[in-house]
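**Student:**
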Amino acid sequence: MKKFLTVLCALSLALTFAACTTEKENVEENVDGEGEAEVEGEAEVEGEGEGEGEAEVEGEGETEGEEEVKVMTYEEYAAAAIDEAVVIDAYVQGKQSWWDNKATVYTQDEDGAYFLYEMACSEEDYAKLVPGAHILVKGYKGEWEGEVEVVDATFELIEGEYIAEALDVTDLLGKDELINHQNKLVAFKGLTVEAIEYKNGEPGDDVYLTLGLDGASYDFCIEIYLTGEDSDVYKTVAELEAGDVVDVEGFLYWYQGANPHVTAITVVE
């Protein structure tokens with residue numbers, strides 16, 4: 002009996018020792034596993050840091066590229082598609098209006114003309130847009146009822162000055178080639194007054210002027226925002242009579258066809 006108890010005790014001790022050994026090994030394995038996980042985590046963090054650093058550098062490079070500006074020639078501007086981004090430098094020839102920090106301006110260079118519609122502009126900067134002022138403009142090419150314009154534009158004043166002379170396009174009236182001079186300061190000579198109509202029936206708004214040449218009639222407009230009631234041209238129109246022969250200057254605006262915005266009228270007969 003004692004022998005049996007002795008063997009039983011020995012067997013119990015052996016099993017206990019084996020269990021302790023197994024548990025120790027499991028604990029050591031778990032510790033080693035956690036250490037490896039921590040190291041791997043650190044490696045992943047380092048990798049993420051390097052990736053973020055590279056992304057920032059790439060982003061900076063893209064920003065620098067976007068800041069590069071290529072100014073278009075008038076030929077490149079004319080060839081650009083509607084809604085395409087455009088960059089031009091041009092010279093102010095006339096200011097049509099300002100409101101709500103937006104300016105509408107006629108501009109031109111030696112090759113062509115640009116109508117800037119509701120360009121972002123403070124009232125202070127609008128005062129600086131005098132005839133001849135040189136500006137760099139960024140915007141988008143737009144079109145409305147045939148009038149090609151620059152929209153959603155911003156600008157900055159730059160050095161230089163240029164005043165365009167009115168181009169005589171009398172011989173192009175009624176011809177397809179006239180549109181090639183859209184928005185330029187132009188002149189028409191020897192036209193006969195056929196009709197004068199005030200918008201809304203009385204002075205204080207736009208004036209619609211019908212002028213004739215060689216048996217054909219053409220539409221002109223005295224734009225109240227461009228040449229207000231106090232301007233010489235507005236006062237001159239009020240005194241015109243059917244049959245008067247006049248020379249006219251203005252910007253070759255387009256609305257479903259040529260619709261020059263008159264800035265000067267001289268009665269010649």
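2 is the number of the first residue of the sequence shown in the numbering used here; add one for each residue after it.
We put the CB at the ideal spot given by N, CA and C, even for glycine.
1) If I follow the unbroken beta strand (DSSP E) through Tyr209, where does it start and stop?
2) Please report the residue range of the beta strand (DSSP E) in which Glu125 lies.
3) Just to confirm, are Thr155 and Lys129 a CB contact at a threshold of 7 Å?
4) Tell me the start and end of each unbroken alpha helix (DSSP H) in the region 123–166 that is at least 4 residues and wholly inside, in chain order.
5) How would you label Glu55, buried or exposed, when you count the other beta carbons within 10 angstroms and need 16 or more for buried?
6) Answer yes or no: do Thr108 and Tyr118 have a C-beta to C-beta separation smaller than 7 Å?
7) I'd like the span of the beta strand (DSSP E) that includes Asp248, first residue to last.
8) Using C-beta distances below 8 Å, list every residue in its chain close to Ala259, excluding the 5 sequence neighbours before and after it, in chain order.
9) From this set, Leu186, Pro132, Lys236, which residue's C-alpha is nearest Trp255's C-alpha?
10) Reducing DSSP to helix, strand and coil, say where Tyr75 ends up.
11) Run through DSSP, which three-state label would Ala265 get?
12) For the region 164–174 against the region 187–195, are there 3 or more C-beta pairs whose distance is under 8 Å?
13) Leaving out five residues before and five after Ile266 in sequence, what residues of the same chain have Cβ atoms less than 6 Å from its Cβ?
14) Tell me whether Tyr226 sits in a helix, a strand or coil according to DSSP, three-state version.
15) Out of Glu270, Gly251, Val268, Val269, state which residue places its alpha-carbon closest to the alpha-carbon of His262.
16) Just tell me which of Glu157, Ile223, Asp112, Ala134 has its CA closest to the CA of Asp75.
17) If the criterion is Cβ atoms closer than 7 Å, does the pair Tyr226 and Ser123 meet it?
18) Once you ignore the five residues that flank Asp207 on each side, which residues in its own chain have a CB closer than 7 Å to its CB?
19) Give the C-beta separation of Gly133 and Ile164 to the nearest angstrom, bearing in mind that I take them to be a contact with Cβ-Cβ under 8 Å.
20) Taking the alpha helix (DSSP H) that Lys236 falls in, what are its first and last residues?
21) Could you name the residues of the same chain whose beta carbon sits closer than 7 Å to that of His1, not counting the 5 residues immediately before and after it, in chain order?
22) Skipping 5 residues on each side, what residues in its chain have a beta carbon closer than 7 Å to that of Leu241?
23) Hey, out of Leu137, Lys176, Glu148, whose CA is closest to Glu162's CA?
**Tutor:** Working from what's here:
1) 208–214
2) From DSSP, Glu125 is part of no beta strand (DSSP E) but of the alpha helix (DSSP H) over 124–127.
3) no
4) 124–127
5) Because the pLDDT of Glu55 is 39, which lies under 50, any placement of that residue in the model is unreliable, and the number read from its coordinates should be weighed accordingly. Classification for Glu55: exposed.
6) no
7) 246–252
8) Leu174, Leu179, Ile180, Tyr219, Asp220, Leu253
9) Leu186
10) helix
11) strand
12) yes
13) Val234, Thr237, Val247, Val249
14) coil
15) Gly251
16) A small correction: the amino acid at residue 75 is Tyr; Asp does not occupy that position in the sequence shown. The candidate whose alpha carbon is nearest that of Tyr75 is Asp112.
17) no
18) Lys200, Cys222, Ile223, Glu224, Ile225
19) 5 Å
20) 233–239
21) Nothing can be reported for residue 1: it is not among the residues displayed for the chain, which extend from 2 to 270.
22) Val194, Ile197
23) Leu137
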